[in-house]
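This report concerns only the one structure given below.
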Amino acid sequence: MYAWIEHPERNSSTILRGEVWCESEHENDIIQYRCIRRLLPRRVKMDRGMLQECVVYACEPEHGRVVYTTLRPSDAATEAPDPHKFASLSSRDLCASAADVPYYHPAVRGVAFHYIPTTPKATIRVDLSLFPTEPRPVSPTSRLGRTALSLLRMMHQHAYGHATSYVKRVHHDMLVPRDEYQDLYLSLRTKHAHRLLETWAEVTDPKKHVFEDLGIAAWLILLWRDMFGSSHVPLGPAPRCADLWGQPSGGFVDLGCGNGLLVLILSLEGYRGLGLDARARKSWAHYTDLGAHLEASVIEPNTCVFPPGCFLIGNHADELTPWIPTWASRTPHCSGFVNIPCCPWTLEGTRFTPTNHTIEWANIAAWLDVSDLPAMCMPPAPLRRPSPHMAERLAHTLWFVDRTIHDASGATHSKHLAYYAYIVRLHIQAGWCLETEALRIPSTKNWAFVGRSQEPLNTYRRST
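So the number in the numbering used here is just where the residue sits in the sequence shown, counting from 1, plus 394.
See below:
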């Protein structure tokens, strides 16, 4: 239940996240934990935020109760978090009526979850505290009744997972903070999504591409913010992201940019760069009018030249994907790169053949020409910047390698894991410390391979 307090979005897809304002533990023998949190909606134009008091009680041995009390509406745009809310909490903070409760929350004064240990099986129960004007009893077929049954099923599912030692399959938000990503994504979606959907010129699904590329753009912008720092004083009432934060000194180059949408979004936010692809798309003419720099050009792997200091982007670049780490190494003063693989191709331009292609630590030691490697170490999340110490960067790289080429069970035998191992090998052999991120985008091809730190392969050897 503590996980539900921290992550209310697990109960409703219309909740963005929870924001804990203040909390306390072990106030007495009964109250084990208490907090005031704000629920933030995913649809900020349709729903309001809401304050809520959450209290965990220990009633009897092994008998647990968690009570959520509905408080008043509260919007992030008009009210800052109050770390002293416990002291100022009063009856005026209680929700006055069901009409004041946001759509994403049951229209009740409070919700209580019970765990009751009994023999031979324990019991879980959900209680609802209704507003005086609400009909009684609650019909199981009403919206409130269906919500209560759904919460009961979710409580059982999560309790069973906790009891059976559920292991999280993927660690998200390793390089970019989740809350900041969500806020920027919603901001970009509000600014750009409607116009981009209305003017879609391709035959593909506009919603998938628009929301996916808005997510990638938000993530890239925050990655660049941490890499390049602040930029200028905000200009005007609605500054672009590049007016606030830094960007690659040589701009960005989106290789195999396809419809050019990602290039357009970044350009609209003030970032300098261009997109390259072998042929123009229908949308290019309109996107060029809006400020995107798009060029039809066949990229020759052995002779291509990119601007010094640029940041390379491979967003489902297909045949270009395996070349990107090498091209980044060849580019003078390259700022880094992000590579999001899709269809598996090799350096030779042939389809990658699924094999038992994996990586052993001995392989990495051989590439670095060292006899011993440091123990792999999970970096602190979010890892805003690579560690300044080469040995620690390498320990982090080994952790990123391990989590990228294995599934949750530790297996390595699948087509996409074999291809990821192939890309990891090219990444490290090109001299880049590996970082990976499971992007929060509507795509199954959401793994980003990131190069932010390049070192000569003998650097670690000299330091050991």
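We put the beta carbon where it would ideally sit given N, CA and C, even for glycine. It should be emphasised that the depicted structure is a prediction, and the values quoted were computed from it without experimental measurement.
Counting along the chain, where does the alpha helix (DSSP H) carrying residue 750 start and finish?
Segment: none, residue 750 is in no alpha helix (DSSP H) and carries neither H nor E.
Can you tell me whether DSSP reads residue 419 as helix, strand or coil?
Strand at residue 419.
Express the C-alpha separation of residue 499 and residue 523 in angstroms, rounding to a whole number.
13 Å
Assign residue 699 to one of two classes, buried (16 or more other C-beta atoms within 10 Å of its C-beta) or exposed (fewer than that).
exposed
Can you tell me which of the three DSSP states residue 548 falls into?
helix
Those runs of the alpha helix (DSSP H) which lie wholly inside the region 773 to 837 and span at least 4 residues
784 to 799, 809 to 823
Mind checking residue 541: buried by the 16 CB within 10 Å criterion, or exposed?
buried
Short of 7 Å in beta carbon distance, which residues of its chain neighbour residue 746, apart from the five on each side in sequence? Order them along the chain.
738, 739, 740, 813, 816
Please look up how many angstroms separate the CB atoms of residue 718 and residue 649, rounded, as I've assumed it's under 8 Å.
In this structure residue 718 touches residue 649 by the C-beta definition: roughly 7 Å separates them, less than 8 Å.
Beta-carbon proximity list for residue 671, same chain, < 7 Å, skipping 5 on both sides:
Excluding positions up to five away in sequence, the list reads 650, 651, 652, 690.
For residue 454, list the residues DSSP reports as bridge partners.
In the DSSP output, where bridge partners are listed per residue, residue 454 has 457.
Taking the alpha carbon of residue 497 as the point to measure from, which residue in 603, 584, 436, 708 has its own alpha carbon closest?
The shortest C-alpha separation from residue 497 is found at 436.
Apply the 10 Å Cβ neighbour rule to residue 835 and answer buried if 16 or more other Cβ atoms are within range, or exposed otherwise.
buried
Residue range of the alpha helix (DSSP H) that includes residue 405:
Careful: residue 405 lies outside any alpha helix (DSSP H) and carries neither H nor E.
Are the region 457 to 473 and the region 505 to 522 touching, with three or more C-beta to C-beta distances below 8 Å?
yes
Which word fits residue 708, buried or exposed, when buried means at least 16 other C-beta atoms lie within 10 angstroms of its C-beta?
The residue in question, residue 708, is buried, as its Cβ has 16 or more Cβ neighbours within 10 Å.
I'd like to know whether the C-beta atoms of residue 734 and residue 582 end up nearer to each other than 9 Å.
no
Enclosing alpha helix (DSSP H) for residue 579 [first to last residue]:
Residue 579 -> alpha helix (DSSP H) spans 572 to 582.
CA-CA distance, residue 809 and residue 415?
45 Å
Enumerated in chain order, which unbroken segments of the alpha helix (DSSP H) with a length of 4 residues or greater are wholly contained in the region 677 to 760?
678 to 683, 718 to 724
Backbone secondary structure at residue 603 - three-state DSSP:
helix
Could you tell me the boundaries of the alpha helix (DSSP H) in which residue 657 lies?
655 to 662
Here's a check: name, in chain order, each residue in its chain whose Cβ is nearer than 7 Å to the Cβ of residue 511, leaving out the five neighbours to either side.
Taken in chain order, the residues that qualify are 456, 457.
Taking the alpha carbon of residue 488 as the reference point, which residue from 715, 517, 444, 533 has its own alpha carbon closest?
444
Rank 847, 736, 811, 841 by C-alpha distance to the C-alpha of residue 828 and give the top, closest one.
847
Kindly indicate the opening and closing residues of the beta strand (DSSP E) around residue 767.
Note, residue 767: premise wrong, no beta strand (DSSP E); not H, not E.
Inspect the CB distances between the region 470 to 482 and the region 427 to 442 and report whether three or more fall short of 8 Å.
yes
Any idea which residues DSSP pairs residue 446 with across the strands?
DSSP output for residue 446 lists 431, 464 as bridge partner(s).
For my contact list, residue 729 and residue 643 are in at a C-beta cut-off of 8 Å; report their separation, rounded to the angstrom.
7 Å
Please name the residue in 825, 586, 571 whose C-alpha comes closest to that of residue 778.
571
Does the Cβ of residue 424 have 16 or more other Cβ atoms within 10 Å, making it buried, or fewer, making it exposed?
exposed
Quick check on the burial criterion: 16 or more other C-beta atoms within 10 angstroms. Buried or exposed for residue 669?
buried
What does the alpha-carbon distance come out to for the pair residue 792 and residue 408?
Going from the Cα of residue 792 to the Cα of residue 408 covers about 37 Å.
Please classify residue 396 as buried or exposed, where buried requires at least 16 other C-beta atoms within 10 Å of its C-beta.
exposed
Pull up the CB-CB distance for residue 706 and residue 686, whole angstroms please, since I reckon it's below 8 Å.
Not confirmed; about 17 Å, so no contact.
Just the Cα atoms here: how many angstroms apart are residue 413 and residue 758?
42 Å
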